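Colleague:
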Amino acid sequence: MQGIRLLLAQFFAILVLAVVMWVAVWFSLYWRVWWLDIPMHLFGGVWAALCAAWFFARRKEALSLVWCLVFALTIGVVWEIFEYVEGIAAPQYLSYSIDTTKDILMDLLGAVLGWIIARKLQ
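Using the UniProt record's numbering, read the sequence shown as starting at 1 and increasing by one per residue.
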């Protein structure tokens, strides 16, 4: 039963992310609301941690904060590479490295929050 709750939590998280992402892209909100990527990365970290929790629950293994952080870090780094390759990021600006660091930290903070949520759901 815990696997179902984690799966539903993942679904809810990815649904919220997808809807907000679609609206933000459609209305160019990422370029008008400077802070919008902060909650998106935070919520993305929550989703990644819930994915890790579900994976380990299916394997009947204990939930580990470290693995939740690893999942979120991996997905966050891949996302940052995607942004760079697709030209979404703006590396010509001095704040690019600060923004990338902030994004990764928000992914990790979200993973901690996701780990806490997953523990409550188990």
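Where a beta carbon is used, it is the ideal one built from N, C-alpha and C, also for glycine. Please read all numbers here as calculations on a predicted model, not as lab measurements.
From F71, G87, F82 and E86, pick the residue whose C-alpha is nearest to that of I109; which is it?
Modeller: For the record, residue 109 in the displayed sequence is Leu; it is not Ile. Among F71, G87, F82 and E86, the Cα nearest to that of L109 is on F71.
Colleague: Rounded to the nearest angstrom, what separates W22 and F56 at their Cα positions?
Modeller: 30 Å
Colleague: Residues in the same chain with beta-carbon distance under 7 Å from L67, minus the five sequence neighbours each way, listed in chain order, please.
Modeller: Residue identity differs from the one stated: residue 67 is Trp in this sequence, not Leu. Excluding sequence neighbours, W67 sits near A52 and F56.
Colleague: For A62, which residues in the same chain have their Cβ closer than 8 Å to its Cβ, ignoring the five residues on either side in sequence?
Modeller: F56
Colleague: Beta carbon of V24, beta carbon of G114: below 8 Å?
Modeller: Per the sequence shown, the amino acid found at residue 24 is Ala instead of Val. It is not a contact, given that the beta carbons lie outside the stated cut-off.
Colleague: The alpha helix (DSSP H) with R58 in it runs from where to where?
Modeller: Here the alpha helix (DSSP H) through R58 covers D37 to R58.
Colleague: Taking contact to mean at least 3 C-beta pairs separated by less than 8 Å, is the region 75–89 in contact with the region 36–47?
Modeller: yes
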